[in-house]
Structure formats: structure tokens, C-alpha cells
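Novice:
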Amino acid sequence: MAIGAVRRTAVLLAGVLGLSATASGCSLMSSGSSGSPSLEHPTLRVGYEAQVDVAPLYKAVNSGLFADAGLRIELQQEPSDADAIKALSDGKLDVAFATHVSLFKAAGAGTQLQLQGEAYQAGANTMALVSLPSLGYDDPSQKPSPRIAVNAPDDLGVLTTKSVLDTAGVAQNKIQFKTVPFATMADALQNREVDAAWMVEPFITKAQKALGATIVTDAARGATLDFPISGYASLKKFADGNPNTMSTFRKVLAQAQQQASDRLQVQTVLKDYAGVDAATADLISVGSFPTTLNAVRLQRVADMMQTSQMLANRLDVQSMMPPNEQRG
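Per mature numbering (1 follows the signal peptide of the UniProt record, and there is no 0), the sequence shown runs over residues -23 to -1, 1 to 305.
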């Protein structure tokens, strides 16, 4: 999911390194049988984008949850999924955040990835086709060849837009997609360059507040109801060489995801990194934050991608799971 942001690295917290042994002779960084295994790579460079999806990650870093486990996290803001995955391949990131569609496209193209966590799952109006009253587009079946802004070509926006408009009786090959960054979609609507824009939060609420924008259709309905949106991945080679580090990352992330079940915590932390004020944050629609990697759930995304010809062949998501992760 792309945003027009300049990459910036923010080292938010120092890790807890070299902890002294406790009276029982164990610590978070010891390798004794009674303690946690030592971390091969106690500093991780993790990419993120200023969206609701990463609220648990951001809060966990900021509150010291990762540091308490001996893991130092350096957050790097990425302008797009493509940039994040490239930074991963170039060795500039250890863990990348991206839509599952972007990650699976990369895997289908030959990049050896290992999934490290699910970030976000769609809820009501967390992704939607948004228009303006002046454009006269208030029903998904209203235009036989709608012009739709999406943040990236052949990504989540294209996949889910095709699904919901197909259900409404619009031929998929008649949809005209235009790539527009989230940050300038409102301008594209005002300039009548598109009939609607596929948006996620907080951009939906911002457009509603600033322009009186309306939702043509929720993009998480029918075949895309409760759709898995985004997650975290590392290169398989890096994960294989740092199993204790990545296991610790997954465990802390799961704790953070669990804490994000409190909607108020999510809305509060959005003010710190997503460029929204308190009043806007309070109105944002929030989906769910899975606490486990679920290959069955994610296979749904890969299979829809193959059906939509985003993947030439069927991708076995289970093959991208960390060792010992369950299928369901």
C-alpha cells in the first residue's frame, strides 16, 4: 500500500542487551535450559507504512514490549509495498510490512520469503470505494465502465475492487484503473480524474471529513468479507539464519496484536504516526488484528489472486510459513 511519504528511519527504543543473570542463573538473553534462547540478531530493521494496520507494531516498539524481550526494533517508514520488498531483497530491511497480495506476488516471482505475522484483517468500511456527491456515483452498478483510483497496480485495491464490482454486475475488463497515491486520491476525485477511489483508513475518514465524501461500496463484502489485508515477512534465508530472533519477533508481535483488540488503544496510537488528529482518529473504522499466522486463511488470498490472474500458478502459502507453525 503506497503513500507519498519519504522514507525515514526512527530508532524508537534501545533493546535490552546483555542482561545480567538472575539469581536462578537465567535471563532473556541467556541460552541456558531455563531461559530463553539467545538472539542471533538482536536488532531488526522493520519497515512500516502510516496506516491502521501497523498500530500494534508501533505501540509495541514505543511501549518497550520488544525491548523487554531483548529485541531492538528500528522502524523504517517505506513509501510503498514495492519499496519495502525491494529494501528487503537489497538487505536494507530485515522484516517488511506489505499487503498479502504484494508479498504473494513477490513470492510468485521467485523471491524466497517467510511470513512472520499477519498484521490486519478487513472489517466494515476499512477499505472502500469512495466518491464525491458531485460525481453522481452512489451505487456500484451505476457505471458500466467506472474509473477507479488505486494506490498500486495489481495489488489489493485492484483485487477487491474487481470482486465487489463483479458482484454488482460490472464486467471486470470494463473497469478503468488509475494508479494514484493515497495522499492525492482526494485531489483526483475533486479534479474528476476518476469516478471513485479505493481507499483504506485513515484516508476514508479524512476524505469524508474534508470533502463530504461518500462510500459507494464497502470493499470487504461478499467474497472479500473479513479479507486478510496485510502482514510481515522476511527473506527465508535471513529467517533460517536467525530462528530465535524471528521466533521472538513473532511472539512479541502476537502479544501486541492481542492488545490491539482494545479499539481505543489503536485510535490513540494513530495520532502518533498516521498524521491524524484526535477527532479523526475517533471516527476511523477499525478491522481486526490476527494474533496467529493462519495458512488456511491466507490461502484464500493466494487463490483469489490466481483466479484473477495476478498469479500464474497456485501458490502454496503453507510453504511460506515458519517452521512448526500450524496450518489452521
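No residue lacks a Cβ here, since even glycine has one placed at the ideal position from N, Cα and C.
Since the structure is predicted, the reported quantities are computational estimates derived from the model, not experimental observations.
Distance check for L188 and L92, CA to CA, integer angstroms please.
Specialist: Near 38 Å, if we compare the C-alpha coordinates of L188 and L92.
Novice: Candidates V263, Q236 and L133: which alpha carbon is nearest A101's?
Specialist: Of V263, Q236 and L133, the residue nearest in Cα terms is V263.
Novice: Could you give the C-beta distance for A99 and F204, rounded to a whole number, given that I count them as a contact under 8 Å?
Specialist: Rounded, the Cβ-Cβ distance is 5 Å, consistent with contact.
Novice: Check whether the Cβ of A173 lies closer than 7 Å to any heavy atom of the ligand GTP, and answer yes or no.
Specialist: Ligands are entirely absent from the displayed structure, and the ligand GTP is therefore not among its contents.
Novice: Any idea what DSSP makes of D195, helix, strand or coil?
Specialist: It is a strand residue.
Novice: List the DSSP bridge partners of R274.
Specialist: DSSP output for R274 lists no bridge partner at all.
Novice: State buried or exposed for R49, treating a residue as buried only when at least 16 other CB atoms are found within 10 Å of its CB.
Specialist: Counting Cβ neighbours within 10 Å, R49 comes out buried, since at least 16 surround it.
Novice: Which class does F154 belong to by DSSP, given the choice of helix, strand or coil?
Specialist: Looking at F154 - three-state DSSP - the assignment turns out to be strand.
Novice: Which full runs of the beta strand (DSSP E) of 3+ residues lie inside the stretch 7 to 70, going along the chain?
Specialist: With a minimum length of 3 residues, the continuous beta strand (DSSP E) runs that stay inside the stretch 7 to 70 are 20 to 25 and 49 to 54.
Novice: For G24, I'd like the list of residues in its chain whose CB is within less than 6 Å of its CB, leaving aside the five on either flank, ordered along the chain.
Specialist: Correct list, in chain order: Q53, E55, A61, L70, A73 and F74.
Novice: In three-state terms, what does DSSP make of P267?
Specialist: In this structure, P267 counts as coil in the three-state DSSP scheme.
Novice: Check whether the stretch 192 to 210 and the stretch 104 to 114 are in contact - that is, three or more C-beta pairs closer than 8 Å.
Specialist: Contact between the stretch 192 to 210 and the stretch 104 to 114 is present, because at least three Cβ pairs lie under 8 Å.
Novice: Cutting at 6 Å between CB atoms, please list the residues of its own chain near G199, excluding the five before and the five after it.
Specialist: Excluding sequence neighbours, G199 sits near T144.
Novice: How long is the line joining the alpha carbons of A32 and D259, rounded to whole angstroms?
Specialist: Near 14 Å, if we compare the C-alpha coordinates of D259 and A32.
Novice: Is the stretch 277 to 294 close to the stretch 78 to 96, with three or more CB pairs under 8 Å?
Specialist: A contact exists between the stretch 277 to 294 and the stretch 78 to 96.
Novice: For residue 317, name the three-state secondary structure that DSSP assigns.
Specialist: In the structure displayed, the chain extends from -23 to 305; residue 317 sits before or after that span and is not available.
Novice: In three-state terms, what does DSSP make of V243?
Specialist: It is helical.
Novice: Within 10 Å of its beta-carbon, does Q22 have 16 or more other beta-carbons around it, so buried, or fewer, so exposed?
Specialist: According to the sequence provided, residue 22 is Arg. The question's Gln does not apply to it. R22 should be labelled buried.
Novice: By DSSP, does F74 sit in helix, in strand, or in coil?
Specialist: Here F74 sits in strand by DSSP.
Novice: Measuring alpha carbon to alpha carbon, tell me which residue in Y209, D116 and F226 is nearest L275.
Specialist: Selected option, being the one with the closest Cα: Y209.
Novice: Mind the definition here: the stretch 147 to 163 touches the stretch 122 to 135 only if three or more C-beta pairs lie below 8 Å; say whether that holds.
Specialist: The answer is yes - the stretch 122 to 135 touches the stretch 147 to 163, with three or more Cβ pairs under 8 Å.
Novice: Compute the distance between the beta-carbons of Q236 and Q242, then report whether it is under 8 Å.
Specialist: It is a contact, given that the beta carbons lie within the stated cut-off.
Novice: Out of D172, V38 and M223, state which residue places its alpha-carbon closest to the alpha-carbon of Q119.
Specialist: The shortest Cα separation from Q119 among D172, V38 and M223 belongs to D172.
Novice: Contact defined as beta carbons within less than 8 Å: I believe L65 pairs with M297. What is the distance between those atoms, to the nearest angstrom?
Specialist: That belief does not hold up - the Cβ atoms of L65 and M297 are roughly 14 Å apart, past 8 Å.
Novice: On the CB-based measure, 16 or more other CB atoms within 10 Å of its CB, does L42 come out buried or exposed?
Specialist: L42 comes out buried.
Novice: Do you know how far the Cα of A86 is from the Cα of M281?
Specialist: For M281 and A86, the distance between alpha carbons rounds to 17 Å.
Novice: Using 8 Å as the threshold, is the C-beta distance between T225 and A44 below it?
Specialist: Contact: no.
Novice: Evaluate V146 with the Cβ neighbour count: other Cβ atoms within 10 Å of its Cβ, from every protein chain shown; 16 or more gives buried, anything less gives exposed.
Specialist: The question names Val, yet the displayed sequence has Gly at residue 146. Answer is exposed; the Cβ neighbour count stays below 16.
Novice: What whole-angstrom Cβ distance do G94 and L212 have, given they're in contact under 8 Å?
Specialist: Not a contact, Cβ separation roughly 15 Å.
Novice: Using CA coordinates, which residue listed in A279, S140 and V246 is at the minimum distance from S40?
Specialist: Ranking A279, S140 and V246 by Cα distance to S40 puts V246 first.
Novice: Return the first residue and the last residue of the beta strand (DSSP E) that R291 is part of.
Specialist: No beta strand (DSSP E) holds R291; DSSP gives it neither H nor E.
Novice: Determine the direct distance from the alpha carbon of T182 to that of A255, and round the result to whole angstroms.
Specialist: If you take the alpha carbons of A255 and T182, they lie about 12 Å apart.
Novice: The beta strand (DSSP E) spanning V177 covers which residue range?
Specialist: V177 -> beta strand (DSSP E) spans A173 to V177.
Novice: Ends of the alpha helix (DSSP H) at Q149?
Specialist: Note, Q149: premise wrong, no alpha helix (DSSP H); not H, not E.
Novice: Going by beta-carbon coordinates alone, are P299 and A216 separated by less than 8 Å?
Specialist: Yes, the Cβ-Cβ distance between P299 and A216 is below 8 Å.
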